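Quick notes on the structure that follows.
Have a look at this one:
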C-alpha cells in the first residue's frame, strides 16, 4: 500500500528540468531511501514532495489527494520535513524549538495546550534530550542538534517523516545513532520515513525500499536486495563495486569500489 | 502564570522575562517624569504631578498638556513603531542587520518631504500637516518599488534580494536628495536637514491622532503573528514544512512593517538605529521567542526615543539636538560592540 504517489513529476525551470518525468509509489509504514550521485535530483524530488518546490508537470498524491491542492497546514499535520541545512536563531532553547513543531496544530496566539505538551515531552524523551531541554541550541554538539531537529519534526505528530540527508556532518557513531532512532520510530510506531542518504550501506541496511536516481530519472527501485547490485551501482554511480553482505541486516553492501577508468 | 507542564527553569525564564518587561515600563515612566520637567520653564516634579491630575495653573497646564505631553507620547509611539518594524524585518529576513532604513522607508519619506519643500517653498505656512501624509506616501511608494523589483516569478520574495534591492534604492534616493538640496534656500535646507536627522518635530495632539491608529491596529496584528514569526525565523524550508503559507505571511508582515515605520517616520523624521538596536537588545534580554521579543522591543524602542528626545532637549538648552542624532550617538558604539563580539 502506498502513502505517497509521485505521478509523472517534472521539476525545474522550463529550459532546464532537474527531474524529468518521474513516477514512483512510496510504501506506507516503511523506510524508503533515495540514493544517487550529486546533482541527480534526489534533493529536488524530496523538496517537491515536501511542496517546497513547485512542479512543472505531474502531481504528488498524499493518500490519493493532490498535495498542491491541499491546505499547507493540513499537509503539515500528516508530513514533517527536516531540511538539509536547518539553522536556529540564537538564544532559542531546545524546548522552545521542539515546541515550534506544534505549529500546524495551533491557532490564535499559540498557547500550548495539554496535548501539545504531551507531544513535546514525548519527542524530548524519545530522542533522549531530557537533560538538554533548557539549554540554548548553539551550546549543543552537531549530533545533539540533529536530534533536536528530529524531535521538532516528531512533535509535529505526523505519520510521515521526510528527511534530507539527516546524517550529513555527523561522525560514524552519531550517524548510526540517528538512523537507529529513525528505525525505532518506524518499527515501534509504524511511521513512514522517506529520506535521502549519501551512504549506500546505511541506505541498504536501514531501508525497506530504495530508489536510485541518475540525471533526473529513476533508474531502479525496489528492496535493497534488488537495488544494491554490482550492475546497478555501475549504472548509477559509474563505480566498480565489490559487494558483500551486511552482518546486521543481511542486505547487500558495497565493501569497496574503484572507478572504471582508473582500473585498466 | 503557573503551568504544571513547564520545568522549574522554564518558569524561571518566564518570570525573568516578565520582570524585564515591567522594568522597562518603569524606566519609561521615570523618563516620562524627567521629560515632563525638561524645558526652558522649570517645573518641580510635584507641580508636574499636580498639573497632571488637574491641579495646576493655566500656564502649567498649557506647557504640559499642549507642548510636552504630546511630544512625549509621540516619542514613545515612534520608538515602538520603529522597533517592532525592525523586529519584523529581522525576523522574516533572518538577518540581524535588517531595519526599516533598509526597506527604503526613511529615504522614501525624506525624498517626498524634500521634493515638496524644494518645489513649493513659498507655501510654508500650510504644509505642516501635509508633511506626514507626504512622508507616508513616499515611504509606501519606495517600499512597493523595492518589493516589485525584488519579486521573481516562481520564487516570490527572497529576503536576501529584498535587502540588496533596498540598500540600492536607498542609496539612489539619497543621491537624488543631495541633488535636490542645491535648489533649497538656506532656511528650507535647515528644515530639511533637521527633518532628516530625526527631530520629533510634529509635536501636538493632531500628530498623535495621526500616528495612534496605525499602532493600535498594527501592533496587535503583529503580536498575533508571533507564532508565524517564530517559525519564519527557522528558514524557508522548515517554515513550509511546519505548514506556514510563507509567501502570504511575509507579504502581510512586510506591509505591517512598512505601515509602522512609515507612520512613525512621517511624524518623527528620519530616526535610524532604533529599528536595528531595539530588537537586538530585546533578543539579548528575553531570547528569540516573538511572544516576548516583540513587546520587549516595542518598550525598548519607546524608551530609547523618549530618552534621546529628552536628552536632546536638555543637553544644549535652549537649542535642541534632534533625537535621531542622540540615538545614533548612543547606538553606534553599541553596534560596534555587537560587531566586535560577533567576531570572537
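Residue numbers (this note's numbering), protein chains in the order written: chain A, -16 to 247; chain B, 5 to 348.
Ideal Cβ positions, reconstructed from N, Cα and C, are used throughout, including at glycine.
Please read these numbers as outputs of a predicted model, since none were measured by experiment.
How far does the beta strand (DSSP E) with residue 185 (chain A) in it extend, from its first residue to its last? Residue 185 (chain A) -> not in any beta strand (DSSP E); alpha helix (DSSP H) instead, spanning 183 to 189.
Assumed close pair residue 169 (chain A), residue 176 (chain A) - CB separation to whole angstroms, cut-off 8 Å: 5 Å
Could you compute how far the alpha carbon of residue -7 (chain A) sits from the alpha carbon of residue 9 (chain A)? 17 Å
Buried or exposed by the 16-neighbour rule on C-beta atoms within 10 Å, applied to residue 244 (chain A): Note on residue 244 (chain A): under 16 other CB atoms within 10 angstroms of its CB, so exposed under the neighbour-count rule.
Would you give the residue range spanned by the alpha helix (DSSP H) that residue 25 (chain B) belongs to? First-last of the alpha helix (DSSP H) with residue 25 (chain B): 12 to 41.
Can you list the residues of chain A that residue 293 (chain B) reaches, using a CB-CB cut of under 8 Å? 75 and 79
Could you round the C-beta distance between residue 31 (chain A) and residue 242 (chain B) to whole angstroms and report it? I think they count as a contact, below 8 Å. Contact doesn't hold; Cβ gap of about 17 Å is too wide.
CA-CA distance, residue 317 (chain B) and residue 185 (chain B)? 27 Å
Environment of residue 164 (chain B) [buried if 16+ CB atoms lie within 10 Å]: Looking at its Cβ environment, which holds fewer than 16 other Cβ atoms inside 10 Å, residue 164 (chain B) is exposed.
Every unbroken alpha helix (DSSP H) within the stretch 291 to 340 of chain B, with a cutoff of 4 residues, ordered by chain: 294 to 319
Can you give me the Cβ contacts of residue 6 (chain B) inside the same chain, cut-off strictly under 8 Å, excluding the 5 residues immediately before and after it? Since pLDDT at residue 6 (chain B) reaches only 45, below the 50 mark, its modelled position is unreliable, and no value is offered.
Does any residue of chain B bring its CB to less than 9 Å from the CB of residue 243 (chain A)? no
Cβ-based neighbour list, residue 201 (chain A), same chain, cut-off 7 Å, excluding 5 preceding and 5 following: 5, 7 and 194
Should residue 224 (chain B) go down as buried or exposed, given a rule of 16 or more other Cβ atoms within 10 Å for buried? exposed
Here's the rule I'm using: 16 or more other beta-carbon atoms within 10 Å means buried, otherwise exposed. How should residue 79 (chain A) be labelled? buried
Kindly list the residues whose CB is nearer than 6 Å to the CB of residue 342 (chain B), restricted to its own chain and excluding five residues on each side of it in sequence; keep chain order. none
Would you say residue 110 (chain B) reaches chain A, if we count a Cβ-Cβ gap shorter than 9 Å as a contact? The beta carbon of residue 110 (chain B) sits no closer than 9 Å to any beta carbon of chain A.
Between residue 114 (chain A) and chain B, is the shortest Cβ-Cβ distance under 9 Å, so that the two count as touching? no
Straight-line gap, residue 46 (chain A) to residue -14 (chain A) (C-alpha atoms, nearest Å): Taking the straight line from one Cα to the other gives about 5 Å.
Contacts of residue 255 (chain B) in chain A (Cβ-Cβ under 7 Å): Here the premise fails: no neighbours, minimum Cβ distance about 15 Å.
If you drop the 5 nearest sequence neighbours on each side, which residues of the same chain put their C-beta closer than 7 Å to that of residue 38 (chain B)? 314
According to DSSP, is residue 154 (chain A) helix, strand or coil? It is coil, neither helix nor strand.
Cross-chain neighbours of residue 14 (chain B) in chain A, by beta carbon under 7 Å: By Cβ distance, chain A contributes 78 and 117.
Looking at C-beta atoms only, is the number of pairs between the stretch 243 to 262 of chain B and the stretch 168 to 184 of chain B that lie closer than 8 Å three or more? With a cut-off of 8 Å, the stretch 168 to 184 of chain B and the stretch 243 to 262 of chain B do not count as touching, because too few Cβ pairs lie within range.
Interface residues of the stretch 207 to 240 of chain B facing chain A [CB-CB below 9 Å]: 227, 228, 230, 231, 232, 234, 235, 237, 238, 239 and 240
Output, in sequence order along the chain, the residues in the stretch 84 to 97 of chain A whose CB is closer than 8 Å to any CB in chain B. 84, 86, 87, 89, 91, 92, 93, 95 and 97
Within chain A, the residues that residue 287 (chain B) reaches when beta carbons sit closer than 9 Å: 72, 73 and 74
Cβ of residue 276 (chain A) within 9 Å of any chain B Cβ: For residue 276 (chain A) there is no data in the structure shown, the boundaries of chain A being -16 and 247.
Apart from the five residues on each side of it in sequence, which residues of its chain come closer than 8 Å, Cβ to Cβ, to residue 166 (chain A)? Once the five neighbours on either side are set aside, the close Cβ partners of residue 166 (chain A) are 14 and 189.
Cross-chain neighbours of residue 35 (chain A) in chain B, by beta carbon under 8 Å: 240, 241, 244 and 245
Measuring alpha carbon to alpha carbon, tell me which of A:123, A:111, A:110 and A:59 ends up nearest residue 254 (chain A). Outside the modelled stretch of chain A, which goes from -16 to 247, sits residue 254 (chain A), for which no answer is possible.
In the DSSP output, which residue or residues are listed as bridge partners for residue 192 (chain A)? A:15
Nearest chain A C-beta to residue 6 (chain B) closer than 9 Å, yes or no? Only weak support exists for where residue 6 (chain B) lies, its pLDDT of 45 falling under 50; the coordinates are left without a value.
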